[in-house]
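These notes concern the structure reproduced below.
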C-alpha cells in the first residue's frame, strides 16, 4: 500500500506529464499549466481594468453610475467632435452662406464645395423618389434632362425645393391636371371618344401626321387644354403644365397612358423641404440638381 | 520521435577565415546601404522632394532616384516583388542558400547582435559561464550593457526606417527636438522592439520555424547546387588523433567539434545537409583552421555539390586531396555545372520579367486619361429627342509642367462633346497643373436616331502645347448607351 502512487501524482506514460486526475472514458487530462507569459499578461489586464474603473465611468450604481476621475463621457466626446467638424466647415460654409447663386457660380472652388454637399443631401433626402443620380422614374421627374415643370434655373429649383408640389407649404405649386373623363360616378367633361381623339392628337404633337382623329383631337385640345398646356402644347411653367411637344413624358407618351392621364387627371406631389433642412442645404441641393445637366 | 523541442540557447564561438570575412564585408555593405540610403539626394527640380529614395505617403508618391511612382502604378511593386522572388530562386539554384547565409536581414542583424554579445561578455565559454553563474555585479552590468547596446542598434534601425518615409535631414532635426508625430515614434518603437527581439532572442528560430523561404528553398536545390558538405569518405571514421600518430585507418575528422560550436544554427554539419543550415560557411572556416593546425589539407567541410560528392564516392572522380605547395594548402577546383535547364529557365524568366519591368517603367506615359461612364442614369433623353451620356474623366499629369489638353471623341457619328471644369464652366482647353490629377465632367449628345443599345466610343486626349511631339497624349475606350 505504501508504494501505491498518490492520486494527484499520476504521470501520463506517453508524455511524462502529470495528469489532473480527471478522467473521461479512459481519457485523462494533462496538467499543463498556462504559459507564464500568458499569466503575466492576464494579470496585467486585471491591473489595467482596475485603473480603468478609477479613471473612466464604469460601475452602475442605484441612481446612475460611477463617474471616474477623468470626467469623461461619450456625450462630451460627441459634442467635442461635432464642434470640431463645425469648426472645420465654418470657413467654406460661412462663405457659402453669404454668397448668392451667381456669386457661387463665379467661384469654382466654392461651387464644387456646394455641389459636393448638395450631392450628399440629395442622396439622403431626394434619391428615394428621384433616384440616386436624379434619373427619376414614372411620375417623378428626371432631373438630368432639360425639361422643367416649374423652371430650371438654380433659383427656380431652389423655390420648388422650398414650396414643393401639392405640399403643406402656403405657396406650394398646386395646380393639378383635372380628370376629364367620368370618374367616381361624376359625369365627364369629355366623352371617351373625345379623350381618344385628343390623346391621338397629343401623341402626334412632335411629328404631326394628318388624320381624321388628329383633326378632331386638335379641336378638343383647343377648347379644353390650351389654357394650361398652351398653343401646340408648349407647356406653361407658371401653372406647372408640362410641355407636350417634346420627347419627354412624366407618366408615359404612349396612347393608352395618355388616355388614362386625360381621363383620371394627375397631381404630382413633392413635399416642401423648407422646414426639413437648413437653407444652406436646400441651396446646395439646388446647385447640385442644377449641375446634373438640364439646368438653365 | 519527439514532436516538440524545447528551445536551447546557442553560443556560437568566434571564428576567423574566408567566409567569416565575407560575412563581415556583406554586413558592412548591407547595413551601410540601409542606414545611409535615405540620406542620398537627387535633384528633381522645385517643389518636388530631393531625396533619392523616398516613400511620400502624404504626397502619395514613391521616389527611387529618377523614377517617380504614382499610387496608380503600385502594380510596378508587384513586378519588383516577382523579380526579387525569381532572383532568389536563381541565386539559390546556382549557389544554394547564399541569401540566408550572407544577405538576409535576420542573419545580418543577428550576426551584429552576437558580435555585441561577444564584445561585452566574451566568447562562447565566457558567455555560457556568465549565463550559468549566479547574479553578481559583473553579470548585471555585462547583461545590462549588452541589452542597452542591442536596444540602441534597434532604435537606430527603426530610426533609419522612418527616414525612408520622410525627408531625412528634416526628420533628423525634428527627432532631436522630439517634435515628431506619434506615427513616427510608433514606427521607431515597433522596429526597435522587433529588431531587439528578432536579433536578440528569436535568432535561428526565425529561420527554422518562421521563415517560409527557408522551407521552399529546398525545392530550388538540385544535385548541382552549391551546398555545405562534409567529406564523410575522407573524414570517417572520426576520432581523436595525437600529433605524430599515423593516419592509417583513421578519418581526417578529429572530432574536435569546432564546426558545431561555431554554428549559429546549432547543428552538426557532419550529419549531412539539414533544413536548418543557412549556408553561411562558418563551419568551413572553423574546420579549415583546424586542418591547417594538424597539417592536413583543407576542405574536409566545404562548399560543394551533391553530384561531385556522389561521383567521388562512386569513383568517377578521385578525391583530390589538396596538394601542398610551399607549405600552403590548395583546395582543388570543383567541377560546377552552372548551365542547367533549371538555371537557364530562371535566367530566362528573370531577364524577361526584368526587361518587361524596365520597359514598363521607361515607356509609361506622362499623361493618363480615365473615363467613367455615369451609371445613374445610364443615358438621358432630352426634350428634342437627342440622347445624352454623362462621363466623369480624370487626367493625370505626371510631368512637372502645367499642361493644357484638348479632348475629342472617335467612333460615334454626330457626337457633340461638352467638357465642364470645376464650377460647371464649359471649357475647350483642359488645364491640368503640374504633377496633379484633375477631373472634368463630360457630356456627349447624339441626335435622335432609331438605333438603340450600346455603342463604343473612344476618348482622345491631345496635348495642345506639344502637338508635334505628342500628338495623342492618352486615350480611353468607353461606351455610349441610347
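Residue numbers (our numbering), protein chains in the order written: chain P, 44 to 339; chain B, 1460 to 1941. Ideal Cβ placement from N, Cα and C applies to all residues, glycine included.
Taking residue i as the reference, give the member of the options with the closest Cα.
| i | options | result |
| --- | --- | --- |
| residue 1713 (chain B) | B:1702, B:1707, B:1698 and B:1521 | B:1698 |
| residue 1496 (chain B) | B:1808, B:1595, B:1623 and B:1528 | B:1623 |
| residue 1516 (chain B) | B:1491, B:1626 and B:1552 | B:1626 |
| residue 1904 (chain B) | B:1843, B:1862, B:1484 and B:1880 | B:1843 |
| residue 1847 (chain B) | B:1857, B:1523 and B:1871 | B:1871 |
| residue 117 (chain P) | P:68, P:99, P:64 and P:128 | P:99 |
| residue 1617 (chain B) | B:1569, B:1589, B:1652 and B:1924 | B:1652 |
| residue 1531 (chain B) | B:1663, B:1851, B:1824 and B:1833 | B:1824 |
| residue 1816 (chain B) | B:1543, B:1600 and B:1619 | B:1543 |
| residue 1899 (chain B) | B:1833, B:1614, B:1494 and B:1932 | B:1833 |
| residue 1809 (chain B) | B:1593, B:1878, B:1750 and B:1541 | B:1541 |
| residue 1805 (chain B) | B:1680, B:1729, B:1661 and B:1612 | B:1680 |
| residue 1468 (chain B) | B:1588, B:1675 and B:1597 | B:1588 |
| residue 164 (chain P) | P:196, P:323, P:337 and P:251 | P:323 |
For the beta strand (DSSP E) that residue i lies in, which residues bound it at each end?
| i | result |
| --- | --- |
| residue 121 (chain P) | Taken as a continuous stretch (DSSP letters only), residue 121 (chain P) belongs to no beta strand (DSSP E), being part of the alpha helix (DSSP H) at 117-141. |
| residue 1876 (chain B) | 1875-1880 |
| residue 1850 (chain B) | 1846-1856 |
| residue 1763 (chain B) | 1760-1764 |
| residue 64 (chain P) | 62-67 |
| residue 1687 (chain B) | 1685-1689 |
| residue 1831 (chain B) | 1826-1832 |
| residue 155 (chain P) | First-last for residue 155 (chain P): 151-168, but that is the alpha helix (DSSP H), not the beta strand (DSSP E). |
| residue 209 (chain P) | No beta strand (DSSP E) holds residue 209 (chain P); DSSP gives it neither H nor E. |
| residue 1891 (chain B) | 1889-1891 |
| residue 1884 (chain B) | 1884-1886 |
Check the Cβ-Cβ distances between residue i and every residue of chain B, and say whether any is below 8 Å.
| i | result |
| --- | --- |
| residue 291 (chain P) | yes |
| residue 336 (chain P) | yes |
| residue 174 (chain P) | yes |
| residue 181 (chain P) | no |
| residue 286 (chain P) | yes |
| residue 84 (chain P) | no |
| residue 148 (chain P) | yes |
| residue 151 (chain P) | yes |
| residue 154 (chain P) | yes |
Tell whether a beta-carbon distance below 8 Å holds between residue i and residue j.
| i | j | result |
| --- | --- | --- |
| residue 1893 (chain B) | residue 1922 (chain B) | no |
| residue 207 (chain P) | residue 115 (chain P) | no |
| residue 1666 (chain B) | residue 1673 (chain B) | yes |
| residue 1559 (chain B) | residue 1738 (chain B) | yes |
| residue 1686 (chain B) | residue 1759 (chain B) | no |
| residue 186 (chain P) | residue 177 (chain P) | yes |
| residue 1550 (chain B) | residue 1802 (chain B) | no |
| residue 1486 (chain B) | residue 1571 (chain B) | yes |
| residue 275 (chain P) | residue 216 (chain P) | no |
| residue 1590 (chain B) | residue 1473 (chain B) | no |
| residue 1710 (chain B) | residue 1695 (chain B) | yes |
| residue 1717 (chain B) | residue 1670 (chain B) | no |
| residue 52 (chain P) | residue 61 (chain P) | yes |
| residue 1937 (chain B) | residue 1920 (chain B) | no |
Are any of the Cβ atoms in chain P nearer than 8 Å to that of residue i?
| i | result |
| --- | --- |
| residue 1836 (chain B) | yes |
| residue 1881 (chain B) | yes |
| residue 1460 (chain B) | Confidence in residue 1460 (chain B) is poor, its pLDDT being 43 and thus under 50, which makes the residue's placement unreliable; the coordinate value appears in the next sentence. Chain P contact via Cβ: absent. |
| residue 1839 (chain B) | yes |
| residue 1844 (chain B) | yes |
| residue 1833 (chain B) | yes |
| residue 1902 (chain B) | yes |
| residue 1887 (chain B) | no |
| residue 1849 (chain B) | yes |
The alpha helix (DSSP H) spanning residue i covers which residue range?
| i | result |
| --- | --- |
| residue 1744 (chain B) | 1741-1752 |
| residue 1794 (chain B) | Neither: residue 1794 (chain B) is in no alpha helix (DSSP H) and is coded neither H nor E. |
| residue 1588 (chain B) | 1583-1591 |
| residue 1936 (chain B) | Premise fails: residue 1936 (chain B) lies in the beta strand (DSSP E), 1933-1940, not in any alpha helix (DSSP H). |
| residue 262 (chain P) | 255-267 |
| residue 1868 (chain B) | Careful: residue 1868 (chain B) lies outside any alpha helix (DSSP H), inside the beta strand (DSSP E) at 1862-1869. |
| residue 1507 (chain B) | No alpha helix (DSSP H) contains residue 1507 (chain B), which DSSP labels as neither H nor E. |
TODO: For the region 1901-1926 of chain B, list the beta strand (DSSP E) runs that are entirely contained and at least 3 residues long, ordered along the chain.
DONE: As far as the region 1901-1926 of chain B is concerned, its whole beta strand (DSSP E) runs of at least 3 residues are 1913-1922.
Task: Runs of alpha helix (DSSP H) wholly within the region 1627-1654 of chain B (minimum 4 residues, chain order) - done: Within the region 1627-1654 of chain B, the runs of alpha helix (DSSP H) at least 4 residues long that lie entirely inside it are, in chain order, 1627-1635.
TODO: List in chain order: all unbroken alpha helix (DSSP H) runs of 4+ residues lying wholly within the region 225-252 of chain P.
DONE: Listed in chain order, they are 235-246.
Task: In chain order, each alpha helix (DSSP H) run of at least 4 residues that lies wholly inside the region 1520-1581 of chain B - done: Counting only runs of 4 or more, we get 1534-1554 and 1564-1580.
- [ ] Could you name each continuous alpha helix (DSSP H) segment of 4 residues or more that falls completely within the region 269-333 of chain P, going from the start of the chain to the end?
- [x] Fully enclosed alpha helix (DSSP H) runs of 4 or longer: 269-272 and 298-307.
Task: Inside the region 1648-1734 of chain B only - beta strand (DSSP E) runs reaching at least 3 residues - done: Taking only runs of at least 3 residues, the beta strand (DSSP E) segments lying wholly in the region 1648-1734 of chain B are 1685-1689.
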